[in-house]
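Protein chains in written order, with my numbering: chain A, 1 to 503; chain B, 504 to 632; chain C, 633 to 720; chain D, 721 to 1041. Cβ coordinates follow ideal geometry from the N, Cα and C atoms, glycine included. Just so we're clear, the structure is a prediction, and the values are computed from it rather than from any experiment. Have a look at the structure below before the remarks.
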Amino acid sequence: MEFFRNFPFFSIMIAMFCGIVSSAVSGKSARRISLAMVTGVLVLSACTLVYVGDMGESVTYLMGHFPAPWGNEIRFGTLEAFLALYFSIIMLLSVLGGWSHVITDVEAGKENLFYVLIDMMMSSLLAMIYTNDLFTGYVFVEINTIAACGMIMIRQNGHGIVAAIRYMVMSLIGSGLFLIGLSLLYDITGHLLMVPAHEAIETVVAEGTYRVPLLVIISLMSVGMAIKSGLYPFHSWIPETYGYATPTASAVLSSLVSKGYIILLIKIFYRVIGMDVIVSSHILNALFIFGIVAMVMGSLHAIMQTDCRKMIAYSSVAQIGYIYMGIGLGTKAGMVAAIFHILTHAATKSLLFISAVGLYEVSDGRTDYNGLRNAAYRNRIAGIAFSVGALSMVGFPMLSGFISKYLFATAALERPHKMLLTLLALIISTVLNAVYFLRQVVTIYSGRPGESSSTSNFIKEAISESTFSNRFASIALILLNLFLGLFSEVVIELISRGLEIFA
Amino acid sequence: MIDFLQTLIEYHIEEAASMILFGIGFSLLLLNRNLIKKIMGLNIMDTAVYLFLTAKGYVYGRMVPIMNSGITDPNAYTNPIPDGLVLTGIVVSVSVSAILLSLTIRLYDRYHTLDLDKIITEWRKEEDN
Amino acid sequence: MKTFETFLLLGLIICAFSVTFTKRMLTAIVIYMSYSLIMSVIWVILQSPDLAITEAAVGAGVTSILFFVTLKKINGVKENSDNEQDQG
Amino acid sequence: MSRIRDNYENSRAAKFEAWLRGDYDPMSEGMEISVPKTDGSDDEIDPRAGLVISDALYDRHTNKALKRSGYVYRVLSVVLCLVMISVLLWMVQFLPKFGQPDNPANNEVSARYIEKGVEETGAVNFVTGMILDYRAFDTFGESCVLFIATICVQILLRIDKDDMTPATFRRRKESETDRLLEPKNDIILQRVSVVLVPFLFIFGIYIILNGHLSPGGGFSGGAVIGAGLILYLCSFGYKQTERFFTIRTFRIVSLVALITYCLAKSYSFYTGANHLESHIPLGTPGNILSSGLILVLNICVGSVVACTMYAFYTLFRKGDF
C-alpha cells in the first residue's frame, strides 16, 4: 500500500516518456502507446484515490532529495486524485471517440505527432493538478498551451492555422501576465513552493506591508488565467478553435485544457494566497460579474450560430462563465459547485463533440442545422448521445447539468447580495440554453424515420464506417453523465472532503 | 509625483525599466497587427520579466554565484534562484517564438500578408462561402 | 557603474520603442538583436553570467536567425539581394 | 485654406484619425513586403477562387457595425495597456528596494543553495546545481517544452517525400527554388567559417562540459553548437551538411538524449522521494568528472538543443533535412 504514493509521480513520468517514444514510431503504434498510457494513468490514479481516500490529509511527495522550501514537490489529496482519474477517463474516451477522424484530418506521416501532443498534454494536465510549486505550474502551463496549439493546427486547412495563431496570441498574453505575477510574488515572499509562500504571505498580510503589490499579483494571476481559459471578454478565440479542430482535439480542448488552468487558479487561491485574502481583495467580485456576463452573452451568441459545432463552442463560453461565477461567490459551497460544474462540463462537452461527429458522418459531412435534419434516425446511438448531452446542458433532472445548476442555486442562497443576480442569470441562461439545444435536438429528430430512403446507400456506407469505438465512447460518456447525475452525493462528498485538505 | 519619481530612480530603476519594457512588449503583442512585430513584442515582454527577476536577485557588492576559493558564506554571493528561473524561461520563449514564426510562414504562404486583421477578414470571407 | 547601467536601461527602452515604430522588418530585426545584446550586457553587470551567455547565444543568435529565415521565406529581403546582383 | 487641408492629409492628426478608424497603421507599413506575382500556370489553389460574396460586408468603410466595433476595440485596448503600465509603475515603488541584502528573496532557500550546494550536488556553479538538482522537475519540463516545440514546427513545416497532395507539392517546389540560392559559394564566408566553425564547436562543447564549473550549461552550449552548424550550412550548403546530419541523426540524437534524461531524472526522483540511497558518486567538486548526474544531464540537454536549433533552421528553410 505504501508503494501507492509513488503513483502520481509515475503517471506524470510515464506520460512524458510515452510522448518522447511516440515521436519515433508509426502513427498506429503511437495511437496504441497513447491509449495504453492513458489507461495506465487511469488505473494509477484510481489506486492513488484509494490510497488517499481514507487518510484524511494530503500527501506531499518530494521530486528529488530535498524537502519543501528547497526542492520541487508534488502534493495530492482526494480532490487531486479524483480529478486526475476523471481527466484520464475523459481523455481516453475522447481519443477513442475521434481517432478515426484523426487519420483523415492529419497529414499522412504525421499521425504519430498528434499522439505525442496527446501524451504531453496528459502529462502537463497531471502536473498542473498535482504540482505544489508555482514555477513548475508555469512551465507546465506553457507545455499545455503549446500542445493545445499543436492540436488545433494539426488539421492543416488554413482555418486551423489561423485559429491556432489567434489561440496562441491570446494564451501568450495570459501566460505573460501570469509570469509577471509569479515574479512579483517571488519578490515579496522569496518562495516558489506553495506552502512556504503561503506562510510568507500570511506574515506580509499581518504586517500590512506590500499591500499594493499583493493586490496587483492577485489581479494579474487571475486575469492571466481567465484569459487562458477563455472568460467572456477574452473568448474570441474559442469558437474558431473548437469549431475547426479535429473532433478529438475539440473534445479535449473544451473539456480539459481550459479546466486545467481553472484548477491551477483555484489552487493558487486556496493554497498560495489564502481564501480570506482573496475574498477581501474583491477580485472575486470581478470574476463573478464577468462570469454572469459570460453566461448570458455566450448563450446569446450560441443562438445566433447556424453551424452545430460553433454552437457547441459558444455554449462552452457560457459554461466557463458558470464556473467563474461559482468561484466568484467566494464561499465553499460556491467552490464545490464550480468544481462539480468542471466535471459536468467535461463529461457533457466531450459527449456533445463526440456524438456530433457521429451525426455528421451520416449527413454527408454537413454541420449546419438543416444538414443534420433526420440524422438521429440514421445513427441512433449518436442521436441519443447528443440528446442526452443537450438535455444535461439544459439541466434536465437525473443528468449532471441539473445537479450543478442546483448546487449553484443553493450556493447563491448563502450570499444575499449576490443571490438575486445569480438566480436571475441562471434562469436566463437555462432558458437560452434550452432554446438552442432543444432546437438542435428537434432538428435531428424531425421528419419520419423512413424519409431518408433516397440516400440509403450512402447511409449504410456511413454507418459501417462509423466506428465501434465512437459508439463505445458515446455510451460510456452517457453513463458517466448519468453517474454524475444519479450518484452526485458521492462525488459532492468527495469534492468537499478534498477541498478541506486542499489548502 | 516628484517624490515618486525620485524613489523610482533612486531605488527601483531596474524594476521601473522592466515594467516599461513589459508594457511596450504587451502593447506590441496585443495591438500590432503585423505578425512578426507581435512575436518581437512577445520576446520583449518575456525578457522584461527576466530582467525584473534578475534585478531582484542582485545584491550590492556580492559575487557571481559560482564558488570562489572555497567560500560558502551565503552573504558573499548573489541569489542564484532568479538565474535558474530565467534560464528555464528563456528556453520557453525560444520555443514559443519558433512555433509562432513557423505559423507565420504558413499563413504568409496562404494569404500573402502579415496583417493579422486582413488574414482574419479573408478567412471570414472563405468561411461564409 | 550605476550611470552606465542607467544608460544601458535607457538604451533598452529606446530599442523597444524603435522596434515598435520601425517600418522596415529587416531594421526591426537588427534592432531586436541589439536589444538582446544590451540585455546580455546588463545581465553581466547584474552578476548573472549564465544568463548573459544564454541570452547572447539565443536571443541575439538563434532567435534572430529564425527571424531572418522567416523574413527570407516570405520574400522580405529579396529586393536587396536582387539589387546587389544587378550591381555585381 | 486649401493648402492647410492638403497638408492635413499627411499630418499626424490625420494619420491618427485614420489609425483610429482602423485603415492605417503607422507602426506597420509595408506588411505586404512583396506581393507575389500570380502567373496563370499556378492555378491549383487560390483561396479566393470562386468567391462570390461581396467584399462590402467586410470593408470597414461601408460596414458601420464592423467599423464601430473595431473603433471601440482599439480605444479600449490602448486604454487597457496604458492603465496596466501605469499601475505596474505605480506598484514598483512599494516593492523591496533594489540590491538590499535583507530583501525577502534572500532568505534561507538561497542560503542553503549556496551553503550546502557544493556538498549536496557537487556543482561549483550554484545556478547549475540548483536547476539540475534541487529544482530538476522544472528543468525537465523545460526540455519537454523544447521537444514539443520541435514537434509543432515539424507538424507545420515538415514536407514528407512521399506526400503528393497539391499543397505540399507547391511548397516543395518553392523550397527547391529557395535551395537554388544555396550555396552561393561566397569565398569570404567560406574562408571565415572554416576558421570559425571549429572554434564555435569547441567553445560550445567547453560550455556544456564545464556547465557545473563555470557559467553556462547545456542550453547555452547547445545553442552555440547549433549556431555553428547553421553557419556551416549557410556557407557550404545542404550537400555538405547532409553527409553527417540528416533527419535520422536528429531523431536518434534527440530520442536517445531525452530518454536518458527522463530515465536519469526518474531514478533520482524515485530514490529521493522514497529516501533511498542514490548510488551516484558526486566526485571532487571542481573536477570535470564530478557532480553526479549533472554532467550527463548537461550533455543530454546540450545535444538536444544543438539538434533542435539546427532542425528549426532547416525546417524553416526547406521543410526537410
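- Collapsing the DSSP output to three states places C/M633 in coil.
- At a cut-off of 9 Å between beta carbons, A/R271 makes no contact with chain D.
- Three or more pairs of CB atoms, one per stretch, sit closer than 8 Å, so the region 375-388 of chain A contacts the region 352-360 of chain A.
- Judged by DSSP secondary structure, A/I303 falls within the alpha helix (DSSP H) whose first and last residues are I283 to M304.
- Residue contact with chain B for D/G842: absent (no Cβ-Cβ distance below 9 Å to any residue of chain B).
- Closer than 9 Å to the CB of B/L604 there is at least one CB belonging to chain D.
- A/M325 places its beta carbon 9 Å or farther from that of A/G298.
- Under DSSP, the beta-bridge partners assigned to A/L193 are A/D133.
- One finds V694 in chain C with Cβ atoms closer than 7 Å to the Cβ of D/G946, taken in chain order.
- Only those residues of the region 934-967 of chain D whose C-beta falls short of 7 Å from the nearest C-beta of chain C are listed: P935, G936, G937, F939, S940, A943, V944, G946, A947 and I950.
- Below the 7 Å Cβ cutoff, chain B contributes I527 and L531 as neighbours of C/T652, in chain order.
- For a cut-off of 8 Å, the C-beta gap from D/G837 to D/A843 is around 7 Å, short enough to register as a contact.
- Put simply, of A/I384, A/A347 and A/D368 the residue whose alpha carbon is nearest the alpha carbon of A/G401 is A/A347.
- Considering only beta carbons, no part of the region 789-809 of chain D lies closer than 7 Å to chain C.
- Per DSSP, A/R439 is one residue of the alpha helix (DSSP H) stretching across P416 to Y445.
- Annotation: D/L996 is outside any beta strand (DSSP E) and is labelled neither H nor E by DSSP.
- Residue state for A/I154 is assigned as coil, using DSSP reduced to three classes.
- A Cβ of chain C is located within less than 9 Å of the beta carbon of B/P568.
- Contact between D/L877 and D/L1035 holds: CB atoms are separated by about 5 Å, below the 8 Å threshold.
- Sorting D/L808, D/L802 and D/K817 by C-alpha distance to the C-alpha of B/Y561 places D/K817 at the top.
- Leaving aside the five residues that flank C/I663 on each side, the residues in its chain whose CB is nearer than 7 Å to its CB run, in chain order, C647, S650, V651 and T654.
- DSSP lists A/V59 as the bridge partner or partners of A/F76.
- Residue contact with chain B for A/Y186: present (Cβ-Cβ distance below 9 Å to some residue of chain B).
- The beta carbon of C/V701 falls within 9 Å of a beta carbon belonging to chain B, placing the residue at that interface.
- Using a CB distance below 7 Å, the part of the region 567-591 of chain B facing chain C consists of V567, T581, D586, V589 and L590, ordered along the chain.
- Counting along the chain, the unbroken alpha helix (DSSP H) around A/Y360 starts and ends at K332 to E361.
- About 6 Å separates the beta carbon of A/T331 from that of A/R415, a gap short enough to meet the 8 Å contact definition.
- The beta carbon of C/N707 is closer than 6 Å to none in its chain, skipping five residues each way along the sequence.
- Taking a beta-carbon distance threshold of 9 Å, D/V973 does not count as an interface residue toward chain A.
- Residue range L619 to D631 is occupied by the alpha helix (DSSP H) that includes B/E630.
- The three-state secondary structure of A/M91, taken from DSSP, is helix.
- Across the set A/Y436, A/S474, A/I428 and A/S488, the C-alpha of A/S488 shows the shortest separation from the C-alpha of A/S404.
- The DSSP-derived three-state label of D/N845 is strand.
- Contact annotation: the region 110-122 of chain A does not touch the region 52-70 of chain A, with fewer than three C-beta pairs closer than 8 Å.
- If you draw a straight line from the Cα of A/L284 to the Cα of A/I218, it is about 10 Å long.
- The three-state reading of DSSP puts A/Y210 in coil, since its state is none of H, G, I, E or B.
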